[in-house]
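Residue numbers (the working numbering): 10 to 178.
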């Protein structure tokens, strides 16, 4: 056997060992991030909707959301959300954590996409969160509520201030 074959065999073996170590680390890290994101989502949702509180959203929001007028717009939006009534029950959030680019957004790095089923006085709803990992915590990049009760309510507030949101028409 030539020295080149032995050297290539050693390199391949070393790459396999590094790959296995990195794969193990990635699995453990993703599991930790998923547990952390689940806990964060549950606490954040409860803080924002029980009772309805836009300040809790602003505390947790990404700077990008706040630059889009979120800090000024959220009290009006949460006042509208409050027509759903009090939170009666909520299930544990479920979702996924990923790394890289979150599809369709400018979020790079670690992200999480979670949702939780909830029951309000007006009926059932699905609450969705997209989270962005910043340092050693999460921030909310998107928050939405889907429920049939919105069809029975007046139009939601608009960020434009004078036009109803086209999203809800």
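For glycine and all other residues, C-beta sits at the position ideal for the given N, C-alpha and C.
- Residue 117: member of the beta strand (DSSP E) spanning 117–129, first to last residue.
- Here the region 103–119 does not lie against the region 53–67, with fewer than 3 beta-carbon pairs under 8 Å apart.
- Residues 102 of the same chain have their beta carbon placed closer than 6 Å to that of residue 51, with the five preceding and five following residues left out of the count.
- Residue 97 has its alpha-carbon roughly 15 Å from the corresponding atom of residue 156.
- CA-to-CA, the gap between residue 21 and residue 165 works out to about 60 Å.
- Here residue 124 has 102, 103, 104, 135, 136, 137, 138 as same chain residues with Cβ atoms under 8 Å from its own Cβ, once five neighbours each way along the sequence are excluded.
- According to the DSSP assignment, residue 147 belongs to no alpha helix (DSSP H) but to the beta strand (DSSP E) extending over 146–155.
- Relative to the Cα of residue 154, the nearest Cα in the group 65, 93, 108, 44 belongs to 93.
- In the three-state scheme derived from DSSP, where H, G and I count as helix and E and B as strand, residue 84 is classed as helix.
- Out of 152, 130, 18, the CA that lies nearest to the CA of residue 158 is found in 130.
- Close CB contacts of residue 80 within its chain, under the 6 Å cut and outside five residues either way in sequence, are with 67 (chain order).
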